[in-house]
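Trainee: Take a look at the following structure, please.
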Amino acid sequence: MFNKESIVNNSRKLYAVMKKTSQYSFDDLQGQSHLNDTDLCLAIGQLMQEGKLTQRKESGCIYYLIA
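With positions in the sequence shown counted from 1, the corresponding number in the numbering used here is that position plus 7.
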C-alpha cells in the first residue's frame with residue numbers, strides 16, 4: 008500500500024529540484040532527487056495530476072518539464 012503523504016512529500020521535493028533547469032530526463036531526476044524508481048514515478052504522477060508537470064518526447068527520450 009502506498010502512503011499518500013509520502014507521495015506528496017516526494018513530489019514537493021521533486022518540484023523543488025526541477026526549478027533549477029528547464030527539462031529533465033528520468034535519469035536526471037533520479038540522480039538529483041535521490042528517489043528510487045517507484046517513488047520517482049509516483050512523484051511524477053502526482054505532479055502531472057496537479058498540472059505542475061508536463062512531458063515531451065525528443066530523440067527517443069522522454070523529458071519532464073514544469074508546466
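The C-beta atom is built at its ideal place from N, Cα and C for all residues, glycine as well. This one's a predicted model, so the numbers in the text were calculated from it and none came from an experiment.
(1) Using DSSP with H/G/I as helix, E/B as strand and the rest coil, what is Ser-29?
(2) Give the DSSP-derived three-state secondary structure of Lys-64 in the structure shown.
(3) Which residues in the same chain as Asp-46 place their Cβ atom closer than 6 angstroms to its Cβ, once the five residues preceding and following it in sequence are excluded?
(4) Run through the DSSP bridge pairs and tell me what Leu-36 is partnered with.
(5) Using the C-alpha atoms, what's the distance from Ala-50 back to Gly-38?
(6) From Met-55 to Ala-74, what distance separates their C-alpha atoms?
(7) Flag this pair as yes or no: are the beta carbons of Leu-60 and Gln-30 separated by less than 7 angstroms?
Mentor: Taking the coordinates as given:
(1) coil
(2) strand
(3) Asn-17
(4) In the DSSP output, where bridge partners are listed per residue, Leu-36 has none listed.
(5) 14 angstroms
(6) 9 angstroms
(7) no
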